[in-house]
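Whatever position you read off the sequence shown (first residue = 1), add 31 for this note's numbering. Just so it is clear, CB atoms sit at the ideal spot from N, CA and C, and this is done for glycine as well. Quantities reported herein were computed from a predicted structural model and do not represent experimental measurements. First comes the structure, then the notes that go with it.
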Amino acid sequence: SGCGKTSLLFALSGLLRPRSGRITIDEEEVDSPRRDVALILQNAGLLPWKTVWQNANLSLLLNGEFPQQNAAEVLAHLGLDNVMKRFPAELSEGMKRRVGIARALSTSPSVLLMDEPLASLDTLTREKIQDLFLNLWHEHGFSMILVTHNIEEAAFLGQRIIVFTDRPARISAIVDNPQMGSLDYREDPVFQGVMSQLREALEA
């Protein structure tokens, strides 16, 4: 905790400029927020006076754009098509997280940044949404950068897992995980091996 993971996401999204060095996406320097980069924070950040539909399409509505058919399809894919007129206070924590995901995907990003979006969820809900992230990644083909303290989550969703040290933050290990990508990967012995590597890196 406190080693700068969230600050790194802010820098990648263009919300925070690095003091030194450069951040590039597709060889273009990131020096301001980009339309093709979406950020999901720990708190879903839903506006309590807006409905599910309005919250999910907030980015488009603020830009004066009308949500397209894709928006309705994303909500349906996330299992939210029957609660679109409800307000955040009427939703479970899992549903709120899904609305946050829908809002991030409403602009069809090429890069999805996530800061521990599932941290407060129970194990079953967390795994369901992890599966959902995996399906959306296969379907939409975006790049995904996830910050997590959860070893299992990192091993399930990460193709390349970077382990940070405590402050001052340094990269202590990089674990490649090329066999991730299937919903039954949790049952694979390779998955258990990756988790062991991560645990050893964290304890070193």
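In the DSSP assignment, what are the bridge partners of serine 174?
BP columns for serine 174 point to Val142.
Length of the line joining the Cα atoms of isoleucine 182 and arginine 117:
Straight-line Cα distance between these residues: approximately 34 Å.
Looking only at DSSP bridge pairs, what is isoleucine 132 linked to?
Beta-bridge analysis with DSSP links isoleucine 132 to no other residue.
Is it a yes or a no for the region 152–171 touching the region 45–65, going by three-plus beta-carbon pairs under 8 Å?
Per the Cβ contact rule, the region 152–171 is not in contact with the region 45–65 (fewer than 3 Cβ pairs under 8 Å).
Is valine 225 helix, strand or coil when you go by DSSP?
Assignment of valine 225 by DSSP, reduced to helix, strand and coil, places it in the helix class.
Can you tell me whether serine 203 is helix, strand or coil according to DSSP?
Looking at serine 203 - three-state DSSP - the assignment turns out to be strand.
Using DSSP bridges, identify the partner residues of isoleucine 54.
Answer is none; isoleucine 54 lacks a bridge partner.
Rounded separation between leucine 72 and proline 148 - CA only
In this structure, the straight-line span from the alpha carbon of leucine 72 to that of proline 148 is close to 6 Å.
Where isoleucine 176 and histidine 169 are concerned, what is the direct C-alpha to C-alpha distance, given to the nearest angstrom?
Going by the C-alpha atoms only, they are around 15 Å apart.
Please look up how many angstroms separate the CB atoms of asparagine 208 and glutamine 190, rounded, as I've assumed it's under 8 Å.
That pair is a contact at about 6 Å.
Could you spell out the range, first to last residue, of the alpha helix (DSSP H) harbouring alanine 69?
Element bounds for alanine 69: not the alpha helix (DSSP H) but the beta strand (DSSP E), 68–71.
Within a Cβ cutoff of 7 Å, which residues of the same chain sit near serine 151, ignoring the five residues on either side of it in sequence?
Excluding sequence neighbours, serine 151 sits near Glu124.
Measuring alpha carbon to alpha carbon, tell me which of Glu234, Val194, Ala186, Asp197 ends up nearest aspartate 219.
Of the candidates Glu234, Val194, Ala186, Asp197, the residue whose Cα lies closest to the Cα of aspartate 219 is Ala186.
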